[in-house]
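J.: Provided herewith is a single structure, encoded as structure tokens, for subsequent inquiry.
2 protein chains.
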Amino acid sequence: MNSSINIASVLENVQQYFSPKIIAEVNDVYVKVAKIKGEDIPWHNHKNEDELFYILDGTLLMEIENEEPFIMKKGDMYVVKQGVEHRVSSIKECQIMLIENKTTAHTGEVITEITKTINQQQ
Amino acid sequence: MNSSINIASVLENVQQYFSPKIIAEVNDVYVKVAKIKGEDIPWHNHKNEDELFYILDGTLLMEIENEEPFIMKKGDMYVVKQGVEHRVSSIKECQIMLIENKTTAHTGEVITEITKTINQQQ
Chain A
9 MNSSINIASV LENVQQYFSP KIIAEVNDVY VKVAKIKGED IPWHNHKNED ELFYILDGTL
69 LMEIENEEPF IMKKGDMYVV KQGVEHRVSS IKECQIMLIE NKTTAHTGEV ITEITKTINQ
129 QQ
Chain B
9 MNSSINIASV LENVQQYFSP KIIAEVNDVY VKVAKIKGED IPWHNHKNED ELFYILDGTL
69 LMEIENEEPF IMKKGDMYVV KQGVEHRVSS IKECQIMLIE NKTTAHTGEV ITEITKTINQ
129 QQ
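Chains A and B are the protein sequences, given in the same order. As numbered in the numbering used here, the first sequence has no gaps in its residue numbers, which increase by one up to the final residue, 130. As numbered in the numbering used here, the second sequence has no gaps in its residue numbers, which increase by one up to the final residue, 130.
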């Protein structure tokens, strides 16, 4: 494949909120994009894996256990370290990029209505 | 640390071309930003590691061995697979994000004037 993918084009085809889509595979990690709107993501952690959030558009409320919540804006990046309880939400649509190990379950060990398997993220 | 970093702010402080700066560490990979202008990067490969390019601003000429060269624009993403000879260049300034394994040497085994150690990328 001698062409690149465009993130905006991929996001145009993402209809569902809280449904990460794998857009690239680099070594042991997946790069994913997702749209967030609402508060459907439960508090969770990834026991053995860090998770990187990068804001492509909109704003995201990042909540981390024992920390003050903070707002992430377009161009902001934050790494949730392994084992740290966290939750993200957004009132309006927020478009994000994620960098996660291939083994990472996107809602950790918490299974809810929004939880997707890796196959569902292809 | 309960705040995120902003990519644009980091890039404002990057003065030198071809000098990747580590902005985040997630599992076994580094996320880096760099500014490219000119043709100083030699043909090289990363024997055991994939390398992801994401264009933040500007355009990048991507050359891959035995493939037609192609232009990457803002929002485009491409993964150079391990062992594949490649070279990137840009006539005007191009701002990129890289995802690389921590072990990746940014110019592969080719050492030139622009080659930076990981310490120089901190």
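From the three backbone atoms N, C-alpha and C, an ideal C-beta is built for every residue, glycine too.
Can you tell me which of A:90, A:38, A:120, A:11 puts its alpha carbon nearest to the alpha carbon of residue 126 (chain A)?
T.: Taking the Cα of residue 126 (chain A) as reference, the smallest distance to any Cα among A:90, A:38, A:120, A:11 is reached at A:38.
J.: Spell out a yes or no on whether the region 47-67 of chain A and the region 64-72 of chain B are touching, meaning 3 or more CB-CB pairs, one atom from each, closer than 8 Å.
T.: no
J.: Taking the DSSP output, what are the residues bridged to residue 83 (chain A)?
T.: In DSSP, residue 83 (chain A) forms no bridge with anything.
J.: Counting C-beta neighbours from all protein chains within 10 Å, is the total for residue 56 (chain B) 16 or more, i.e. buried, or is it exposed?
T.: exposed
J.: Using the three-state DSSP reduction, which class does residue 16 (chain B) fall into: helix, strand or coil?
T.: helix
J.: Leaving out the 5 sequence neighbours to the left and right, which residues in its chain are closer than 8 Å to residue 118 (chain A) when beta-carbon positions are compared?
T.: 50, 51, 52
J.: Quick check on the DSSP output: the beta strand (DSSP E) that includes residue 94 (chain A) runs from which residue to which?
T.: Counting along the chain, the beta strand (DSSP E) containing residue 94 (chain A) begins and ends at 94-109.
J.: How is the beta strand (DSSP E) around residue 26 (chain A) delimited, first residue to last?
T.: According to the DSSP assignment, residue 26 (chain A) belongs to no beta strand (DSSP E), since it is labelled neither H nor E.
J.: List the whole-angstrom C-beta distance separating residue 32 (chain B) from residue 60 (chain A), where the pair is believed to meet the contact cut-off of C-beta under 8 Å.
T.: 6 Å
J.: Inspect the beta-carbon positions of residue 102 (chain A) and residue 30 (chain A) and report whether they are closer than 7 Å.
T.: Residue 102 (chain A) places its beta carbon 7 Å or farther from that of residue 30 (chain A).
J.: Between residue 78 (chain A) and residue 104 (chain A), what straight-line distance do the alpha-carbon atoms span, to the nearest angstrom?
T.: 16 Å
J.: By Cβ distance below 6 Å, which residues in the same chain neighbour residue 93 (chain B) in space, the five residues on each side in sequence not counted?
T.: Here the set comprises 51, 53, 73.
J.: Do residue 11 (chain A) and residue 85 (chain B) have their C-beta atoms within less than 7 Å of each other?
T.: no
J.: Can a CB atom of chain B be found closer than 7 Å to the CB of residue 16 (chain A)?
T.: yes
J.: How would you list, in chain order, the residues of chain A whose beta-carbon sits under 9 Å from the beta-carbon of residue 21 (chain B)?
T.: Residues of chain A passing the Cβ test: none, with the nearest at roughly 14 Å.
J.: Taking Cβ to Cβ, would you say residue 35 (chain A) is nearer than 7 Å to residue 58 (chain B)?
T.: Closer than 7 Å, so yes.
J.: Does residue 78 (chain A) have its Cβ less than 7 Å from a Cβ in chain B?
T.: yes
J.: If you draw a straight line from the C-alpha of residue 47 (chain A) to the C-alpha of residue 16 (chain B), how long is it?
T.: 28 Å
J.: Check whether chain B comes within 7 Å of residue 83 (chain A), counting only Cβ atoms and requiring the distance to be less than that.
T.: yes
J.: Just by C-beta distance, which residues in the region 22-55 of chain B are closer than 8 Å to chain A?
T.: Of all residues in the region 22-55 of chain B, those with a C-beta nearer than 8 Å to a C-beta of chain A are 31, 32, 33, 34, 35, 36, 37, 39, reading in chain order.
J.: Using a Cβ-Cβ cut-off of 7 Å (strictly less than) and excluding sequence neighbours within five positions of residue 124 (chain A), which residues of its own chain qualify?
T.: 27, 28, 114
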